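Peer 1:
In my numbering, the protein residues as written are 122 to 548.
(1) Return the residue from the list 384, 348 and 391 that minimises the CA-CA distance to residue 263.
(2) Tell me where the beta strand (DSSP E) around residue 273 begins and ends.
(3) Report, in whole angstroms, the separation of the C-beta atoms of residue 308 and residue 291, which I expect to be a contact under 8 Å.
(4) Taking only the alpha-carbon atoms, compute the straight-line gap between residue 510 and residue 440 and give it to the nearest angstrom.
(5) Could you tell me how far apart the beta carbons of residue 413 and residue 537 are, in whole angstroms, since I believe they sit closer than 8 Å?
(6) Run through the stretch 461-522 for me and flag every whole beta strand (DSSP E) of 3 or more residues, listed as ranges in chain order.
(7) Can you tell me whether residue 312 is helix, strand or coil according to DSSP?
(8) At what residues does the alpha helix (DSSP H) containing residue 147 begin and finish?
(9) Beta strand (DSSP E) containing residue 291: first to last residue?
(10) Apart from the five residues just before and just after residue 544, which ones in its own chain have a Cβ nearer than 6 Å to its Cβ?
(11) Taking the C-alpha atoms as reference points, what is the distance between residue 183 and residue 206?
(12) So, do the stretch 171-188 and the stretch 244-258 have three or more beta carbon pairs nearer to each other than 8 Å?
(13) Return the bridge partner residues of residue 360 from the DSSP annotation.
(14) Beta carbon of residue 276, beta carbon of residue 365: below 8 Å?
(15) Closer than 7 Å by C-beta to residue 416: which residues in its own chain qualify, once you throw out the five before and the five after it? Chain order, please.
(16) My assumption, with CB atoms under 8 Å, is that residue 238 sits in contact with residue 421. Please give the rounded CB distance.
(17) What three-state label does DSSP hand residue 127 in the structure shown?
(18) Would you mind stating whether residue 217 and residue 198 have Cβ atoms separated by less than 8 Å?
(19) List in chain order: all unbroken alpha helix (DSSP H) runs of 4+ residues lying wholly within the stretch 347-393.
(20) Taking the CB atoms as reference points, tell me whether residue 228 and residue 186 lie closer together than 8 Å.
(21) Are the beta-carbon atoms of residue 500 and residue 524 separated by less than 8 Å?
(22) Would you decide whether residue 533 is buried or exposed? Buried here means 16 or more other CB atoms lie within 10 Å of its CB.
(23) Alpha carbons only, please: which of 192, 503 and 402 is nearest the one belonging to residue 145?
(24) Does the structure place the stretch 322-335 close enough to the stretch 356-370 that three or more beta carbon pairs sit under 8 Å?
(25) Is residue 378 near the ligand PLP - that is, is its Cβ less than 7 Å away from at least one heavy atom of it?
(26) Please name the residue, chosen from 285, 280, 260 and 278, that lies closest to residue 269 on a Cα-to-Cα basis.
(27) Helix, strand or coil for residue 541, going by three-state DSSP, please let me know.
(28) Using 8 Å as the cut-off, can you tell me whether the stretch 342-358 makes contact with the stretch 287-304, which would need three or more C-beta pairs spanning the two stretches below that distance?
(29) Do we get a CB-CB distance below 8 Å when we pair residue 449 with the residues of chain C?
(30) Check each candidate in 151, 165 and 548 and name the one with the smallest Cα separation from residue 401.
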């Protein structure tokens, strides 16, 4: 294999031509023949026993060319990339330029490379760390949530439905006077204020009385999953059958004993306050990290190839599928969402992650950040503990170079965090 030419044609794009000799092509043809001969039938020969020349005479001299060309490309493209010396992100627009027994095979392709990254002033970044104050009102609000979860459902007959009730309704939706598929329900328990129905629907049920027939006028959201309904006004004809209210328990020591491991209300409130303070501190730390990430990205200059963002979206989609234990194809079928709509959910986070990694890689380079073999071994041990796997299996699945790169990035982020000028704020 030989690289014939290598020329920059655009930002992050290098056009290359590479070739394989006639001998390499012949070897690939021979391998293709050996792989396919068992499936080829030639009169006068048992299946799989026909000589190559007989098959070529029967089906044409080029019968094995496609397999041979594909094999040359697939088995050697990594070596081609390595030989360019480029930091390659993707290979696009691959074409076969020439195929002949005399001259071999010639390809051309566009190599998409990682961008040149510039970054400065990443030390001493000024950011705020805002921590929410946990007061008595916050504790009481948390207790109210727990009271609602432990409320007893009671039938209400002496008043109209209100937010917080569960209204048992019949409904049927119409577009321009015509009922649409999937828009009908009977004796449906709708919790008013839950936001589970189309915006504006639940608020119009509130105020209605048992036995009342009424219309609910709404407009479907512009990005509603059913495209035939998206953005369109609809009328739902409804009937209210039943109102279920909530009877909240009294907040006292007996309530505390029922819902927790504590004996007194004071102990319970102290525990809730402690947990809320920890949650507030964790949220403040997360928000601080996000602010630092935004600040670092803001200091970077780079023309990032779109394919890097798309590749990261591919990874996020695979992670989502594994985490939720459902194939993307099944999810799209069940929800009616298109693949483009589904992937669009991850566009922003993918861009942010790619940009941050590029910025931190550059910082690690500028700061000469290194990772020792001991650091790598410790990371393998930590991963083995986390995933309950043998360290050797982790090592087989995750290359040491990948571990080193990730640890360099972590150290770069630590450097940014440690050097930042953080203003502590409470609210």
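Every residue gets a Cβ at the ideal spot worked out from N, C-alpha and C, and that includes glycine.
The model shown is predicted, which means the values in this text are computed figures rather than measured ones.
Peer 2: Reading from the atomic positions:
(1) Nearest option by C-alpha distance: 391.
(2) DSSP places residue 273 inside the beta strand (DSSP E), whose first and last residues are 273-277.
(3) Contact flag correct, Cβ pair sits at about 7 Å.
(4) One alpha carbon belongs to residue 510, the other to residue 440, and they sit about 19 Å apart.
(5) Taking the Cβ atoms as the reference, residue 413 lies roughly 6 Å from residue 537, within the contact range of under 8 Å.
(6) The stretch 461-522 contains no whole beta strand (DSSP E) run of 3 or more residues.
(7) Here residue 312 sits in strand by DSSP.
(8) Taken as a continuous stretch (DSSP letters only), the alpha helix (DSSP H) holding residue 147 covers 143-157.
(9) That run of the beta strand (DSSP E) goes 287-296.
(10) Correct list, in chain order: 249.
(11) Residue 183 and residue 206 have their alpha carbons spaced roughly 34 Å apart.
(12) Counting Cβ pairs under 8 Å, fewer than three are found: no touch.
(13) Residue 360 is bridged to 291 and 334.
(14) In contact: residue 276 and residue 365 (Cβ atoms closer than 8 Å).
(15) For residue 416, where only same-chain residues beyond five positions count, the Cβ hits under 7 Å are 246 and 248.
(16) Indeed they touch by this definition, with Cβ atoms about 6 Å apart.
(17) In the three-state scheme derived from DSSP, where H, G and I count as helix and E and B as strand, residue 127 is classed as strand.
(18) Cβ distance not < 8 Å, so residue 217 and residue 198 don't count as in contact.
(19) Listed in chain order, the complete alpha helix (DSSP H) runs (minimum 4 residues) inside the stretch 347-393 are 374-380.
(20) Not in contact: residue 228 and residue 186 (Cβ atoms no closer than 8 Å).
(21) Going by C-beta atoms, residue 500 is nearer than 8 Å to residue 524.
(22) If you draw a 10 Å sphere on the C-beta of residue 533, you find 16 or more other C-beta atoms in it, and that means buried.
(23) Ranking the options by Cα distance to residue 145, first place goes to 192.
(24) Contact holds between the stretch 356-370 and the stretch 322-335, because three or more Cβ pairs, one in each stretch, are under 8 Å apart.
(25) With respect to the ligand PLP, the structure shown offers nothing to examine, as it has no ligands at all.
(26) Checking every option, the nearest Cα to that of residue 269 belongs to 285.
(27) Looking at residue 541 - three-state DSSP - the assignment turns out to be coil, as it is neither helix nor strand.
(28) Yes: the two stretches touch, three or more of their Cβ pairs being nearer than 8 Å.
(29) Here there is only one protein chain, and chain C is not present.
(30) Closest option to residue 401, judged by alpha-carbon separation, among 151, 165 and 548: 548.
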